[in-house]
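Asks: Quick one: the structure is below, and I'll ask about it shortly.
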Amino acid sequence: MRPTTVADYNSNDRALEMAIDIYFNGIGSPPLRCTRENHIIDCSLLDEACVDSSTPLGAPSSNELSFTLLSENGLFNPANTASTFYGKIKTGVPVRAYIRPIVNMNVQEEYVWDSLGLFFVTDWQTDITGVTASVTANDSIYQLINKTASKLPVYSNCTYARLLQEFLNYNDASASIIGSLGIEMAYAYVDDTNDKFLNEFSLGALAFIYCNHAGIIEVSALERQQEVQYVLTDSDQIISIKADQSILLEYDGVSLTYSAPRLSDEQELIVNNDQVVQAYGRVSYKSNSFSKVPVYGLNRTVIESKLDCVVASIEANSIDIDYDIDNLTGSSGTFSTRIYGYVIESNDYTLEDTGDNLLKVSNKYIQTEEYAQHVKALLNRYTAAKVPKLELEVRGNPKYTIGSKVRVHSTAYNVDFTGILIRQQFVYDGGLRATMTILNSEIIGA
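Just so we're aligned: the sequence shown equals residues 9 to 454 in the numbering used here.
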């Protein structure tokens, strides 16, 4: 089989076919292959580095695969007990999507299928007639974002790369880091939900977080140096260009608040009074929340009791603590516990322009004035840009990868624009088309 090239997808006489493999019995078992020849009616893929927001990076978001299946005889109706897949249509079912050019009759060798990603079903709906089924599936970032808060310790003199790695390890995930995330933070921690952490971290580290077409999470440094990888022209990809400009900019400046963390004096973090314990008994505390967070470390535990009570075990993170108290006395009674330690406190400082409508950003992962000035300068370039992002309607090329540097050169629209590809919305209905969003390279000084 012959590997595909960018030129294959840019060809004027291209014809494409798509396949979706649904693993009803798990990744290790043979999938149901769906194509236009049997089940697929249409399909769309949102392939993006971030969702829209007021900053250049936006918020990390999962890629989304949506497709409609022809459900003959209720084959894909979850309520149809006669279906082969009854009881197997549920959230979490793995799905892989592929695309390739259709072989020209004069060429004997078929093309290799190009992967569009690994996804997991998040919604499956059948219309009232049962004739079609609409399926939505998201990549592994969706699962990462929707997990409960990550309970990690506080790390001192920690790089962005290390904090992200610790976060991913806790969540049984991994990522490929492209570019450098080597700047150190005095104190790094996670004290919020996963989605809020990733949102704030991506801006602080100036990095996109997304899944590539192999299903692997990539973390791409916004300011990494790279050459133009793809050139889009009127003759191959460009259908139309949207580059709205206004004499009125959305913002007239930037207000950036950063945090300078420091270690506190000893604080009382846990108080449990008058707890009943049986003779030779044990009292266990699970996920006992600290009164102040994030906790850097514990210093001492004080037990007040007429009994002989001791700490049997103790394990803490920056948010809460598990610990056991044993009564070594042959009689029951009560005890009180106080646990002391140190927390991270912060002084917030704001760098602010003069203006009536400022872009306001606050970020705990920006911790020095020097770095804050650097990030603010980038945000100022973003708010001042006449075209911070260029939107195009294109024929669609799945070989183009998110995070890559691309050039749009159009004679028809008198546009010569270079930037970072941050979004592609593919629509397949036998043919392929897409909308594309590109972040202006001038914003990152590249």
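We put the beta carbon where it would ideally sit given N, CA and C, even for glycine.
What does the Cβ neighbour count give for Tyr-436, buried or exposed, with the cut at 16 atoms within 10 Å?
Replies: buried
Asks: Out of Leu-160, Asp-122, Thr-156, state which residue places its alpha-carbon closest to the alpha-carbon of Ala-324.
Replies: Selected option, being the one with the closest Cα: Leu-160.
Asks: If you scan the segment 115-158 from start to end, which runs of the beta strand (DSSP E) of 3 or more residues do you find wholly inside it?
Replies: 122-134, 140-146
Asks: Could you have a look at Ser-210 and say whether DSSP puts it in helix, strand or coil?
Replies: helix
Asks: Using a threshold of 9 Å, state whether the C-beta atoms of Ile-452 and Glu-56 are closer than that.
Replies: A distance of 9 Å or more separates the beta carbons of Ile-452 and Glu-56.
Asks: Could you name each continuous beta strand (DSSP E) segment of 3 residues or more that falls completely within the segment 304-373, going from the start of the chain to the end?
Replies: 317-324, 328-335, 341-360, 366-371
Asks: Whole-angstrom Cβ separation of Val-416 and Leu-230, contact assumed at under 8 Å?
Replies: Contact flag wrong, Cβ pair sits at about 19 Å.
Asks: Which one of Ser-263, Thr-43, Ser-142, Phe-209 has the shortest CA to CA distance from Ile-153?
Replies: Phe-209
Asks: Within its chain, find whatever has a CB closer than 8 Å to the CB of Asn-33; leave out the 5 residues flanking it on each side and keep chain order.
Replies: Lys-96
Asks: Using the Cα positions of Gly-223 and Leu-65, report the straight-line distance between them to the nearest angstrom.
Replies: Each residue's CA atom was taken as its position, placing Gly-223 and Leu-65 some 21 Å apart.
Asks: With 16 as the cutoff for other CB atoms within 10 Å, does Arg-290 come out buried or exposed?
Replies: exposed
Asks: Taking its Cβ as the centre, do 16 or more other Cβ atoms sit within 10 Å of Leu-77, making it buried, or is it exposed?
Replies: buried
Asks: Could you pull out every residue in the same chain whose Cβ sits closer than 8 Å to the Cβ of Leu-24, ignoring the five residues on either side in sequence?
Replies: Tyr-17, Ile-107, Arg-108, Pro-109, Ile-110, Tyr-436, Gly-439, Leu-440
Asks: Count the other CB atoms within 10 Å of the CB of Arg-104; is the residue buried (16 or more) or exposed (fewer)?
Replies: buried
Asks: For Thr-156, which of Val-143, Thr-167, Gln-234, Asn-179 has the nearest alpha-carbon?
Replies: Asn-179
Asks: Can you tell me where the alpha helix (DSSP H) with Lys-384 in it begins and where it stops?
Replies: Here the alpha helix (DSSP H) through Lys-384 covers 377-392.
Asks: Let's see if you can read the secondary structure: which residues bound the alpha helix (DSSP H) around Asp-16?
Replies: 14-18
Asks: What does a CB cutoff of less than 8 Å around Tyr-348 pick up in its chain, not counting 5 residues either side in sequence?
Replies: Glu-274, Gln-275, Glu-276, Leu-277, Leu-306, Asn-307, Arg-308, Thr-309, Val-310, listed in sequence order.
Asks: Spatial neighbours of Tyr-259 within its chain, please: C-beta separation below 7 Å, excluding the five flanking residues on both sides.
Replies: Setting aside the 5 residues that flank it on each side, Tyr-259 is surrounded in the same chain by Asn-365, Leu-366, Leu-367, Thr-391, each with a C-beta closer than 7 Å to its C-beta; the list follows chain order.
Asks: Have a look at Ser-142, Gln-286, Glu-117, Ser-297 and flag the residue whose alpha-carbon is nearest the alpha-carbon of Pro-11.
Replies: Nearest Cα to Pro-11 within the set Ser-142, Gln-286, Glu-117, Ser-297: Glu-117.
Asks: Please classify Ser-69 as buried or exposed, where buried requires at least 16 other C-beta atoms within 10 Å of its C-beta.
Replies: buried
Asks: What residue does the alpha helix (DSSP H) around Gln-173 start on, and which one ends it?
Replies: Gln-173 -> alpha helix (DSSP H) spans 168-178.
Asks: Contact check, Tyr-168 vs Leu-189 under 8 Å by CB: the rounded distance?
Replies: 4 Å
Asks: DSSP on Glu-450, reduced to helix/strand/coil?
Replies: helix
Asks: Roughly how many angstroms lie between the CA atoms of Ile-255 and Gly-261, to the nearest whole one?
Replies: Any reading at Ile-255 must be qualified, since the residue scores a pLDDT of 49, below 50, and its modelled position is unreliable; no value is offered.
Asks: If we count the other Cβ atoms within 10 Å of its Cβ and call it buried at 16 or more, is Ser-182 buried or exposed?
Replies: exposed
Asks: Would you list the residues sitting across from Leu-65 in a DSSP beta bridge?
Replies: Beta-bridge partners assigned by DSSP to Leu-65: none are found.
Asks: Extract the residue ranges of the alpha helix (DSSP H) inside the segment 260-312, only unbroken runs of 4 or more that lie entirely within it.
Replies: Those alpha helix (DSSP H) runs which fall completely within the segment 260-312 and span 4+ residues do not exist here.
Asks: Assign Met-456 to one of two classes, buried (16 or more other C-beta atoms within 10 Å of its C-beta) or exposed (fewer than that).
Replies: The structure shown does not extend to residue 456, since the chain spans only 9 to 454, so no value can be given for it.
Asks: For Glu-360, verify whether its CB is less than 8 Å away from any heavy atom of the ligand NAP.
Replies: As for the ligand NAP, it is missing from this structure, which has no ligand bound.
Asks: Rounded C-beta distance between Ser-326 and Tyr-197? I'm assuming under 8 Å.
Replies: 5 Å
Asks: For Thr-419, is the classification buried or exposed, using 16 other Cβ atoms within 10 angstroms of its Cβ as the cut-off for buried?
Replies: exposed
Asks: Please name the residue or residues paired with Ser-184 in a DSSP beta bridge.
Replies: Partner residues in the beta bridge of Ser-184, as assigned by DSSP, are Glu-226.
Asks: Using DSSP with H/G/I as helix, E/B as strand and the rest coil, what is Asn-220?
Replies: coil
Asks: Alpha carbon to alpha carbon, what distance is there between Asn-422 and Ile-246?
Replies: 12 Å
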